[in-house]
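Chemist: Residue numbers (UniProt numbering): 1 to 146.
Dropping a structure here in structure tokens format, bear with me for questions.
Written out as structure tokens, the structure reads:
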């Protein structure tokens, strides 16, 4: 496995295509949720992924505070189909937390989590700060870690 950490301007066209393709596969196709996955936020993000022999295995993007929320944030966390069940979601999310601390010097992080993953995020120390609500028809909850 190889780790990649890149700003938008550092991404190659091939890397950007690979990332967008997997995000659409997971968040639009698998979850049957038609919404504009290309949301205009990628240029402000740091993109983090694990790659296995040229294949994206797990991914997330991070933002410094003041971009998505007042606090730093992590989003679009995913593990591609062929790599699930190996703990890669935990690894890539932890790397996102680590990079927020290392690159931005921030400790407070806010996320918009799918509600069914609440206990996963709680295992990192996140706490719910909202009731469950629907976003694009999927139950979500806002969570923070300080």
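Beta carbons are placed, not taken as given, at the ideal position from N, Cα and C, and that holds for glycine.
Runs of 3 residues minimum, wholly inside the UniProt domain "N-acetyltransferase" (6-146): which ones carry the beta strand (DSSP E) assignment?
Modeler: As summarised for the UniProt domain "N-acetyltransferase" (6-146), the continuous beta strand (DSSP E) elements at least 3 residues long and confined to that stretch are 46-52, 55-63, 72-79, 109-114, 133-135 and 138-145, given in chain order.
Chemist: Straight-line CA distance for residue 32 to residue 146?
Modeler: 33 Å
Chemist: In whole angstroms, give me the CA-to-CA distance for residue 37 and residue 43.
Modeler: 14 Å
Chemist: Any chance the stretch 104-113 sits against the stretch 70-78, with 3 or more Cβ pairs inside 8 Å?
Modeler: With three or more CB-CB distances shorter than 8 Å, the stretch 104-113 counts as touching the stretch 70-78.
Chemist: Please name the residue in 118, 48 and 141 whose C-alpha comes closest to that of residue 3.
Modeler: 48
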